[in-house]
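To start, the structure under review is shown below, and the notes come after it.
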Amino acid sequence: MAATGEKTHMSIVICGHVDSGKSTTTGRLLFELGGVSEREMEKLKAEADRLGKSSFAFAFYMDRQKEERERGVTIACTTKEFFTETWHYTVIDAPGHRDFIKNMITGASQADVALLMVPADGNFGTAIARGNHKAGEIQGQTRQHARLINLLGVKQLIVGVNKMDSDVAGYKEARYTEIRDEMKNMLGRVGWKKDFVEKCVPILPISGWCGDNLIKKSDKMAWWKGMDVQRTVKETEKFHVDTLYDALEKFATVPARVVDAPMRVPLSGIYKIKGV
1 MAATGEKTHM
11 SIVICGHVDS
21 GKSTTTGRLL
31 FELGGVSERE
41 MEKLKAEADR
51 LGKSSFAFAF
61 YMDRQKEERE
71 RGVTIACTTK
81 EFFTETWHYT
91 VIDAPGHRDF
101 IKNMITGASQ
111 ADVALLMVPA
121 DGNFGTAIAR
131 GNHKAGEIQG
141 QTRQHARLIN
151 LLGVKQLIVG
161 VNKMDSDVAG
171 YKEARYTEIR
181 DEMKNMLGRV
191 GWKKDFVEKC
201 VPILPISGWC
211 GDNLIKKSDK
221 MAWWKGMDVQ
231 RTVKETEKFH
241 VDTLYDALEK
251 FATVPARVVD
261 APMRVPLSGI
271 YKIKGV
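Encoded structure:
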């Protein structure tokens, strides 16, 4: 992990549908950056094996609660720190289950950047489902989270097409292209401007579990040539992004802080206390 120095601080929220690999990707990223020691990783693997959830080893670094580990889902927002060459990040791992949407909103309201995760396996359709309340159809949480982070004012968005190592995806370009196009369409439908999505949103094929395209460009996806993105629609400067680390280091930046405008504060609860 890069030395701290006096690096500028940013916060990133990891959001998306339940079981899209948010905690695993976060844990693997921190491990690759040196934020998780080999010794601690061995302990996490042993705990995951004991619970019969060997594929959750990296996720267990973020999911610390007993119930989270036993159920295999994130419940509370967990924060950790990591450093790139330029930035000091606080990463907020938000829950993806619809029962814990309130916790997700709490985490997203603190973020400067959002990493929206979508699974490239057989759960993709469920993750972006439109839903129909009257028909009893559930809206996919990747879709709902995409709408919420936009409403909460998080205007820097990275999309991670995760689980490219799955049997369904097989590291294939066709699967990535299919999901990329569907995600662009979905983002437009939930409120993101089409021009912004086309020019300013890196959509990256990754595998959080295997580490593909997290820090280094994967040799399993030779077809992936990266993409050029710009920070705003009006800017002309473009940044070439091959990996998630590239997006975090080169593309993401501290948003303008409007310190002279009226204060806006999210409320998470109201309490009535007698005598006060």
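Take 1 as the starting number for the sequence shown in UniProt numbering and just add one per residue. By construction, the Cβ of each residue, glycine as well, lies at the ideal position given by its N, Cα and C atoms.
Per the coordinates, the alpha-carbon of S218 lies some 29 Å from the alpha-carbon of I149. Residue burial is scored here from C-beta neighbours: T24 has at least 16 other C-beta atoms within 10 angstroms and is therefore classed as buried. When the beta-carbon positions are compared, A120 and V161 come within less than 8 Å of each other. V197 carries a helical assignment under DSSP once its states are collapsed to helix, strand and coil.
For M41, the uninterrupted alpha helix (DSSP H) segment begins and ends at E38 to R50. Annotation: the stretch 228-273 contains the following complete segments of the beta strand (DSSP E) (minimum length 3 residues), in chain order: 239-241. L204 carries a strand assignment under DSSP once its states are collapsed to helix, strand and coil. The beta carbon of K238 sits closer than 8 Å to those of D228, V229 and Q230, all from its chain and outside the five residues before and after it, given in chain order.
Note on the stretch 125-194: whole alpha helix (DSSP H) runs with a minimum of 4 residues are 141-151 and 173-189, in chain order. Each residue's CA atom was taken as its position, placing A114 and K43 some 30 Å apart.
Ranked by Cα distance from R180, the options I206, A222 and K155 are led by I206. Burial state of W209 is buried, judged by a 10 Å Cβ sphere holding 16 or more other Cβ atoms.
Going by beta carbons, I270 and T243 fall outside the 8 Å limit. Between Q141 and V13, the beta carbon gap of about 13 Å keeps them out of contact (Cβ cut-off 8 Å). In this structure, the beta-carbon distance from R50 to G211 does not fall below 8 Å. Residue burial is scored here from C-beta neighbours: R175 has at least 16 other C-beta atoms within 10 angstroms and is therefore classed as buried. Judged by beta-carbon spacing, V154 lies beyond the 8 Å limit of C200, meaning their Cβ atoms are not closer than that value. Here I92 carries a strand assignment [DSSP, helix/strand/coil].
Linking F82 to D195 through their CA atoms gives a straight-line distance of about 31 Å. Per the DSSP secondary-structure output, H9 pairs in a beta bridge with H88. Judged by DSSP in its simplified three-state form, G21 adopts coil rather than helix or strand.
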